[in-house]
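Notes follow the structure.
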Amino acid sequence: MSTTSDRLDGIPAAEVADVELYHPRSWITKYVFSQDAKIIGIQYALTATAIGLVALALSWLMRLQLGFPGVFDFITPAEYYQFITMHGMIMVVYLLTALFLGGFGNYLIPLMIGARDMVFPYVNMLSYWIYLVAVLVLAASFFAPGGPTGAGWTLYPPQAILSGTPGGQDWGILLMLLSLMLFIIGFTMGGLNYVVTVLQARARGMTLMRMPLTVWGIFTATVMALLAFPALFVSCVMMMLDRLLGTSFFMPALVEMGQRLNHDGGSPLLFQHLFWFFGHPEVYIVALPAFGIVSDLISTHARRNIFGYRQMVWAIVIIGALSFVVWAHHMYVSGMNPYFGFFFATTTLVIAVPTAIKVYNWLLTLWRGDIHLTVPMLFALAFIVTFVNGGLTGLFLGNVVVDVPLSDTMFVVAHFHMVMGVAPIFVIFGAIYHWYPKITGRMLNEAMGRIHFWVSFLGAYLIFFPMHYIGLLGVPRRYHEIGETAFVPASAHTLNAFISVMALIVGAAQILFLFNLAWSIRRGRPAGGNPWNATSLEWQTPETPPPHGNWGRDLPVVYRWAYDYSVPGAARDFIPQNQPPARAAE
Amino acid sequence: MEGIAQTQAAERPGGMEGFVADWSSDQRVFKNVSWGKAMMWIFLLSDTFVFGCFLLAYMTVRMSTTVAWPNPSEVFALEIFGTHMPLILIAIMTFVLITSSGTMAMAVNFGYRRDRRRTALMLVVTAIFGALFVGMQAFEWTKLIHEGVRPWGNPWGAEQFGSAFFMITGFHGTHVTIGVIFLLIVARKVWRGDYDTGRPGFFTSRGGRYEIVEITGLYWHFVDLVWVFIFALFYLW
């Protein structure tokens with residue numbers, strides 16, 4: 001237990017006794033059924049990456065079909081639908097959400113706020129194992145009779161559970177719904193941990209307004225997820241009942257193949273509302289951790305304090321709150337009262353204000369900074385550019401009159417891949433290059449990192465810029481084959497082939513990244529405790545990689561915010577958060 | 001540890017000033033709130049959204065269906081000694097559940113007085129009321145199923161009546177059942193004196209405290225409160 005009465009330099013005394021740690025006794029409890037948030041974070045990250053590779057392979061198959069229709073005739077229309085569905089769902093939920101919150105959240109929150117571990121390590125462990133079961137159930141649907149569901153990642157009923165949709169009357173949709181429910185249960189266990197840890201288990205001196213923005217982003221996203229996932233959970237329950245028991249929550253009276261189905265009076269729109277009440281916050285559940293992490297990357301690698309820290313915090317909170325009242329902008333073509341369309345278009349455009357504040361603050365942080373073009377910094381800069389690009393097309397789609405003609409075209413696909421596919425993935429890459437030295441004690445290979453960056457960055461633009469254009473031409477999304485139509489010029493087909501080739505090349509660059517991860521564990525340059533000269537607490541641990549309990553005998557005491565870079569008069573160009581004021585000039 | 005928390009509490013300003021002081025302080029936002037209690041409150045907030053979605057979905061399908069909605073007062077009526085009594089079973093169930101909230105509050109009180117036997121007794125009484133509630137719910141389900149109500153249809157009108165009824169009461173009943181199991185586990189631990197001796201848990205290898213009684217109580221009161229909304233929105237409407 002730390003001392004209770006000392007008030008060092010105005011820092012209040014400890015309010016809570018130091019925690020009693022659960023010490024693993026065997027290899028199994030240390031590395032497999034581990035209760036250490038750092039190990040759990042790595043487990044989450046590896047599992048998410050593994051299932052993400054499946055989704056990457058699926059995108060290759062889709063692109064082969066789209067780029068060269070008729071050549072790969074083993075890809076049937078049904079399989080194409082299954083590929084897009086699984087690709088979308090895996091990427092959004094099982095990769096991005098799990099990696100940002102389960103992976104980075106678990107690893108970084110306790111270290112960044114100066115705690116020894118999450119507040120409920122046992123529940124945290126269960127969270128990972130339930131997530132793993134959810135992933136396995138999802139993966140099992142590839143081998144189930146009828147294959148995985150092909151309902152599209154939005155799983156809209158009634159088609160999702162009709163026989164015309166792959167997996168609709170087979171196992172596919174059931175396994176998908178079951179897997180999502182498990183994911184939500186597992187996530188809730190972890191999410192409660194992250195929220196309570198941030199609110200109730202910070203180090204002495206670590207006020208909320210001294211936390212690194214990474215923690216703010218992950219924290220706000222977790223709160224949102226705890227409030228948004230219930231809607232998905234409920235819609236999963238109801239669709240499962242519709243499918244298994246023949247209830248009619250979402251199913252109106254239907255005639256299928258001349259047969260009147262045993263459903264009557266349900267509301268497909270109800271599902272869309274519930275789904276998007278989850279689905280839109282989900283976009284920001286992925287984006288907010290990315291915002292937070294990228295702020296820290298830019299500040300550290302530009303050797304400059306983040307510009308407008310308080311604005312950045314409030315922007316995160318306001319974006320989180322606003323994202324709960326914009327959901328029906330996904331449903332302009334579903335039919336709704338025009339006044340609702342006006343309301344949701346307005347809220348959608350309003351959300352651009354705090355987002356723009358963030359972008360300006362990132363730029364002002366870079367302004368006259370001592371910019372080090374390290375690999376994490378390259379990815380952070382790429383994020384800003386990509387996010388602005390994707391965000392601007394979001395303003396197009398947020399307006400009802402522009403959205404209606406663009407709805408269900410490749411323009412929408414290009415928009416959300418830029419804004420919530422490529423942009424957050426760049427942050428994940430940047431974050432891995434940034435924190436890998438802390439996790440393993442070795443640097444990732446710089447040359448491989450730069451090749452990975454340039455191929456991914458340029459490749460992403462070569463894929464998605466042309467896609468906006470063919471979307472504007474009117475090429476619809478989710479079509480197995482466009483065929484010969486009057487409004488699609490032949491050049492669109494050429495562009496499609498070009499996009500597919502680029503997609504294969506960018507995908508191959510990710511293999512290089514994975515190789516780098518494996519190679520550098522043993523052969524990377526030793527990193528030392530703080531290779532980037534960063535200020536936040538995770539770089540100040542006594543040992544690298546941090547051991548169980550993170551801090552050795554004494555918990556850290558925090559004297560300043562996380563952004564004391566290039567302070568005039570200081571001896572070095574950074575002052576760690578745990579350095580007392582009297583010693584700052586040393 | 002408690003001594004430290006109390007000195008902190010004494011220095012805190014009240015009202016809005018105190019709110020700001022707490023949120024801008026280090027270490028903890030909610031002073032004097034333990035990790036376990038904070039987690040239960042946040043979980044209940046999340047669970048509120050689950051039940052909120054269920055009830056909103058029920059109200060939506062009730063409005064969207066084109067067939068007449070069965071009259072709940074008639075459906076949930078019982079003949080007792082030749083008298084036709086609308087909603088009588090639901091009234092008794094509600095009474096039982098609200099009573100169990102009272103005994104739960106007594107258990108929490110005895111727990112803070114470290115009155116091991118009475119705490120355990122009140123927890124068991126609460127669990128019995130809870131089990132009684134679930135039992136009556138099973139009786140209600142049986143009766144309705146005998147009368148031909150199914151999730152996919154019923155003799156009186158909109159089929160969503162049965163779907164929403166079985167789904168919502170089933171989900172709530174599951175919550176009550178989980179609560180009963182937890183109450184019995186906690187009662188056993190209290191009775192055995194685990195919270196006095198700090199005996200480590202079977203799964204978690206960590207010792208518990210009397211506060212767990214209160215945390216279980218938070219969950220139990222929440223489940224009761226949800227029932228009030230189900231009662232008002234499904235049975236009375």
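For the record, the sequence lines run as chains A and B. Everything in the first sequence is counted per the UniProt record's numbering, starting at 1 for the first residue and increasing by one. Everything in the second sequence is counted per the UniProt record's numbering, starting at 1 for the first residue and increasing by one. Just so it is clear, CB atoms sit at the ideal spot from N, CA and C, and this is done for glycine as well.
Out of the options, which one is the CA nearest neighbour of residue i?
i	options	result
T494/A	F513/A, N516/A, M89/A and P466/A	P466/A
G10/A	D26/B, N154/B and G198/B	D26/B
P437/A	F513/A, L517/A and G102/A	L517/A
L473/A	H434/A, F411/A, I511/A and I439/A	F411/A
L55/B	V234/A, S179/A and A98/A	V234/A
W41/B	G146/A, F464/A and L199/A	L199/A
I318/A	W216/A, H415/A, Y156/A and V255/A	W216/A
G529/A	E481/A, F457/A, M448/A and R442/A	R442/A
residue 587/A	L213/A, I39/A and M240/A	In the structure displayed, chain A extends from 1 to 586; residue 587/A sits before or after that span and is not available.
W435/A	V19/A, K38/A, T29/A and L21/A	K38/A
G258/A	L241/A, G172/A, I84/A and S163/A	S163/A
A48/A	G102/A, I28/A, R525/A and T85/A	G102/A
L121/B	F76/B, S24/B, W191/B and V29/B	W191/B
A13/A	V557/A, Y565/A, A582/A and G507/A	V557/A
I351/A	S334/A, H23/A and V325/A	V325/A
P110/A	M89/A, A203/A and Y433/A	A203/A
residue 596/A	E484/A, I499/A, F453/A and T485/A	Residue 596/A is absent from the model: chain A starts at 1 and stops at 586.
F453/A	F426/A, T440/A, R477/A and L462/A	F426/A
D408/A	I384/A, S334/A and I130/A	S334/A
DSSP has residue i in a bridge; who is on the other side?
i	result
E256/A	Q259/A
D26/B	T207/A
P476/A	T409/A
F574/A	Y565/A
V557/A	R204/A
P200/B	G207/B
P148/A	G172/A
Do the CB positions of residue i and residue j come within less than 9 Å of each other?
i	j	result
M112/A	A562/A	yes
S267/A	T60/B	yes
T204/B	F182/B	no
L226/A	L45/B	yes
E214/B	K37/B	yes
Q43/A	Y128/A	yes
P70/B	L245/A	no
G150/A	G172/A	yes
P74/A	A497/A	Sequence inspection shows Phe at residue 74/A; the Pro mentioned does not correspond to that position. No, Cβ-Cβ distance for F74/A and A497/A is not below 9 Å.
W551/A	T535/A	no
M239/A	L177/A	yes
Y58/B	L225/B	no
For residue i, I'd like the list of residues in its chain whose CB is within less than 6 Å of its CB, leaving aside the five on either flank, ordered along the chain.
i	result
residue 594/A	Since the first residue of chain A shown is 1 and the last is 586, residue 594/A is not available in this structure.
Y309/A	none
G198/B	G207
R209/B	Y195
T94/B	F231
W532/A	T300
E17/B	none
P576/A	T535 and Q540
Enumerate in chain order the residues of its own chain whose CB-to-CB distance from residue i is below 8 Å, with the five nearest sequence positions on each side excluded.
i	result
V134/B	G173, V176, T177 and V180
I4/B	Confidence at I4/B is low in this model, with a pLDDT of 43, below 50, so the placement of that residue should be treated as unreliable; the coordinate-derived value is given next. The answer is none, since no qualifying residue turns up.
A492/A	I470, L473, V475 and I482
V93/A	L180, F183 and E282
Going along the chain, which residues of its own chain have a beta-carbon closer than 7 Å to the beta-carbon of residue i, five neighbours each way excluded?
i	result
I184/A	F229, L232 and F233
W519/A	N445
H390/A	The residue you asked about is not His; residue 390/A is Gly in the sequence shown. Within the same chain, G390/A has close Cβ partners H415, M418, V419 and A423.
Y80/A	M62, Q65 and H480
G398/A	H329, A345, T348 and L349
I505/A	V455 and G459
Notebook entry, point to check: Counting only runs that start and end within the region 44-103 of chain B, where is the beta strand (DSSP E) found for 3 or more residues in a row?
Noted result: 77-80 and 83-86
Item checked: Runs of alpha helix (DSSP H) lying entirely within the region 336-382 of chain A, each at least 4 residues, in chain order -> 338-350 and 352-366
Item checked: 3 or more residues per run - each beta strand (DSSP E) lying fully within the region 118-172 of chain B -> none
Check: Of all the alpha helix (DSSP H) runs that stay within the bounds of the region 170-231 of chain A, which reach a length of 4 or more residues?
Finding: 172-200
Next item on the list: Tell me the start and end of each unbroken alpha helix (DSSP H) in the region 84-132 of chain A that is at least 4 residues and wholly inside, in chain order.
Entry: 106-113
Next item on the list: Note down, one range per segment and in chain order, each alpha helix (DSSP H) of at least 4 residues found wholly within the region 386-460 of chain A.
Entry: 400-406, 410-416 and 423-440
Next item on the list: Give, in chain order, every unbroken run of the alpha helix (DSSP H) that is at least 4 residues long and sits entirely within the region 478-531 of chain A.
Entry: 490-523
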